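The sequence shown begins at 2 in this note's numbering and counts up one residue at a time.
The beta carbon of each residue, even a glycine, is placed where N, CA and C say it ideally should be.
Fair warning: this is a prediction, and the values are worked out from it, not measured in the lab.
Structure, as C-alpha coordinates:
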Amino acid sequence: MSFDVQGRLHEIFDETQVSEKFKKREFVLEIPDGSYTQYAKFQLTQDKCGILDNYKTGDEVKVAFNLSGKPFTKNGTTMYFTNLQAWRVEHATAGAAQPQAGGGSYAQAPVKSSSFISDDMDNDLPF
2 MSFDVQGRLH EIFDETQVSE KFKKREFVLE IPDGSYTQYA KFQLTQDKCG ILDNYKTGDE
62 VKVAFNLSGK PFTKNGTTMY FTNLQAWRVE HATAGAAQPQ AGGGSYAQAP VKSSSFISDD
122 MDNDLPF
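See the structure below:
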(Lines of atoms letter the chains of each structure in order from A and count residues from 1; the text may use other names and numbers.)
(Lines give C-alpha, C1' and ligand atoms only; values in the text may rest on other atoms or scores of the structure.)
Protein backbone atom coordinates (compact mmCIF):
# COMPACT_ATOMS: atom_id res chain seq x y z
CA MET A 1 0.00 0.00 0.00
CA SER A 2 1.38 3.38 -0.95
CA PHE A 3 0.62 6.58 0.97
CA ASP A 4 2.00 10.09 1.26
CA VAL A 5 2.02 12.64 4.04
CA GLN A 6 3.38 16.13 4.56
CA GLY A 7 5.00 17.39 7.73
CA ARG A 8 8.12 18.78 9.38
CA LEU A 9 11.26 16.74 9.98
CA HIS A 10 11.41 16.43 13.77
CA GLU A 11 14.43 14.15 14.10
CA ILE A 12 16.85 12.43 11.71
CA PHE A 13 18.81 9.42 12.97
CA ASP A 14 22.19 8.20 11.76
CA GLU A 15 22.39 5.33 9.31
CA THR A 16 22.57 1.94 11.04
CA GLN A 17 24.29 -1.13 9.58
CA VAL A 18 21.94 -3.86 10.87
CA SER A 19 23.79 -6.74 9.20
CA GLU A 20 26.47 -7.21 6.56
CA LYS A 21 23.84 -6.84 3.82
CA PHE A 22 21.21 -4.60 5.43
CA LYS A 23 21.32 -0.94 6.48
CA LYS A 24 18.60 1.48 7.52
CA ARG A 25 18.07 5.11 8.47
CA GLU A 26 15.10 6.32 10.51
CA PHE A 27 13.50 9.72 10.87
CA VAL A 28 10.54 11.22 12.72
CA LEU A 29 7.98 13.38 10.97
CA GLU A 30 5.92 15.93 12.93
CA ILE A 31 2.42 15.94 11.43
CA PRO A 32 -0.16 18.58 12.44
CA ASP A 33 -3.51 16.96 13.25
CA GLY A 34 -6.00 19.52 14.52
CA SER A 35 -5.29 20.31 18.16
CA TYR A 36 -2.74 17.51 18.50
CA THR A 37 0.55 16.96 16.72
CA GLN A 38 1.35 13.42 15.60
CA TYR A 39 4.90 12.05 15.49
CA ALA A 40 5.46 9.17 13.05
CA LYS A 41 8.73 7.27 12.73
CA PHE A 42 9.68 6.25 9.17
CA GLN A 43 12.43 4.02 7.87
CA LEU A 44 14.64 4.21 4.77
CA THR A 45 16.62 1.13 3.74
CA GLN A 46 19.61 0.21 1.59
CA ASP A 47 20.27 2.70 -1.25
CA LYS A 48 17.44 4.97 -0.01
CA CYS A 49 19.36 5.87 3.20
CA GLY A 50 21.10 8.79 1.48
CA ILE A 51 17.81 10.50 0.60
CA LEU A 52 17.95 12.52 3.84
CA ASP A 53 21.49 13.84 3.27
CA ASN A 54 20.16 17.11 1.80
CA TYR A 55 17.59 17.71 4.56
CA LYS A 56 17.80 19.00 8.11
CA THR A 57 15.58 19.00 11.17
CA GLY A 58 12.77 21.53 10.73
CA ASP A 59 12.45 21.15 6.94
CA GLU A 60 8.90 20.82 5.57
CA VAL A 61 8.76 17.65 3.47
CA LYS A 62 6.40 15.35 1.66
CA VAL A 63 7.06 11.64 2.28
CA ALA A 64 5.88 8.79 0.05
CA PHE A 65 5.82 5.50 1.93
CA ASN A 66 4.51 1.96 2.05
CA LEU A 67 2.74 0.53 5.07
CA SER A 68 3.80 -2.98 6.01
CA GLY A 69 3.28 -5.24 8.98
CA LYS A 70 4.03 -8.76 10.09
CA PRO A 71 3.48 -11.06 13.05
CA PHE A 72 6.29 -12.35 15.26
CA THR A 73 5.75 -15.26 17.65
CA LYS A 74 8.05 -15.95 20.59
CA ASN A 75 7.33 -18.29 23.51
CA GLY A 76 3.76 -18.76 22.30
CA THR A 77 3.02 -15.03 22.29
CA THR A 78 2.34 -13.30 18.98
CA MET A 79 3.23 -9.65 18.54
CA TYR A 80 2.63 -7.51 15.47
CA PHE A 81 5.07 -5.04 13.99
CA THR A 82 4.14 -2.18 11.69
CA ASN A 83 6.64 -0.32 9.53
CA LEU A 84 6.34 2.94 7.59
CA GLN A 85 8.80 2.25 4.75
CA ALA A 86 9.67 5.59 3.10
CA TRP A 87 10.77 5.46 -0.52
CA ARG A 88 10.68 9.14 -1.49
CA VAL A 89 11.23 12.39 0.43
CA GLU A 90 10.88 15.77 -1.26
CA HIS A 91 10.66 19.38 -0.15
CA ALA A 92 7.06 20.46 0.42
CA THR A 93 5.91 23.22 -1.90
CA ALA A 94 5.02 26.48 -0.19
CA GLY A 95 1.31 27.06 0.14
CA ALA A 96 0.34 23.53 -0.89
CA ALA A 97 -2.52 21.95 0.98
CA GLN A 98 -1.57 19.04 3.17
CA PRO A 99 -2.69 15.79 1.56
CA GLN A 100 -4.34 13.11 3.63
CA ALA A 101 -2.72 9.69 3.97
CA GLY A 102 -3.35 7.79 0.77
CA GLY A 103 -3.32 10.94 -1.30
CA GLY A 104 -7.09 10.91 -1.69
CA SER A 105 -9.22 14.01 -1.53
CA TYR A 106 -12.25 13.29 0.61
CA ALA A 107 -14.73 15.64 2.23
CA GLN A 108 -14.80 15.63 6.02
CA ALA A 109 -17.98 13.98 7.28
CA PRO A 110 -19.94 16.12 9.75
CA VAL A 111 -19.75 14.98 13.35
CA LYS A 112 -23.14 14.27 14.89
CA SER A 113 -23.75 15.45 18.40
CA SER A 114 -24.10 12.59 20.83
CA SER A 115 -25.11 12.54 24.48
CA PHE A 116 -21.92 10.75 25.53
CA ILE A 117 -19.64 13.47 24.10
CA SER A 118 -18.72 16.11 26.65
CA ASP A 119 -19.51 19.73 25.86
CA ASP A 120 -16.59 20.77 28.09
CA MET A 121 -14.27 22.71 25.75
CA ASP A 122 -11.57 22.86 28.48
CA ASN A 123 -11.09 19.11 28.23
CA ASP A 124 -7.97 18.74 26.08
CA LEU A 125 -7.54 14.97 26.36
CA PRO A 126 -7.20 13.25 22.97
CA PHE A 127 -9.80 10.59 23.85
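Inset, instruction - Could you name the residues that DSSP lists as bridge partners for Val62? - result: Along the sequence shown, read from residue 1 onward, the residue named residue 62 stands at position 61. BP columns for Val62 point to Gly8 and His92.
Legend entry - Leu30, buried or exposed, once every other Cβ within 10 Å from all chains shown has been counted against 16: The residue given as residue 30 occupies position 29 in the sequence shown. A residue is called buried once 16 or more other Cβ atoms fall within 10 Å of its Cβ, and Leu30 is buried on that count.
Inset, instruction - Check whether the segment 82-91 touches the segment 44-54, counting contact only when three or more Cβ pairs, one atom from each stretch, lie closer than 8 Å. - result: Yes: the two stretches touch, three or more of their Cβ pairs being nearer than 8 Å.
Inset, instruction - List the endpoints of the continuous beta strand (DSSP E) containing Phe43. - result: Residue mapping note: residue 43 aligns to position 42 of the sequence shown, counting from 1. Going by DSSP, Phe43 is part of the beta strand (DSSP E) stretching over Tyr37 to Thr46.
Legend entry - Residue(s) in a DSSP beta bridge with Asp15: Counting from 1 along the sequence shown, the entry for residue 15 is found at position 14. According to DSSP, Asp15 bridges with nothing at all.
Inset, instruction - Provide the residue(s) that pair with Asn67 in DSSP beta bridges, ordered along the chain. - result: Numbered from 1 along the sequence shown, position 66 holds the residue referred to as residue 67. Bridge pairing for Asn67: Ser3 and Gln86 [DSSP].
Inset, instruction - Please work out which residues of its chain come closer than 8 Å, Cβ to Cβ, to Val62, disregarding the five sequence neighbours upstream and downstream, and give them in chain order. - result: Residue mapping note: residue 62 aligns to position 61 of the sequence shown, counting from 1. Same-chain partners within the cutoff: Gln7, Gly8, Arg9, Leu10, Leu30, Tyr56, Val90, Glu91, His92 and Ala93.
Legend entry - Cut-off 7 Å between Cβ atoms - residues of its own chain near Asn67, not counting five sequence neighbours on either side: As a first step, residue 67 must be located in the sequence shown, where it is residue number 66. Cβ within range, chain order: Met2, Ser3, Gln86 and Trp88.
Inset, instruction - Just mark Phe23 as buried or exposed, buried being the case when its beta carbon has 16 or more other beta carbons within 10 Å. - result: Translated into positions along the sequence shown, residue 23 becomes position 22. Flag for Phe23 reads exposed.
Inset, instruction - Count the other C-beta atoms from every protein chain shown that fall within 10 angstroms of the C-beta of Val19, then say buried if there are 16 or more, exposed otherwise. - result: Numbered from 1 along the sequence shown, position 18 holds the residue referred to as residue 19. Exposed.
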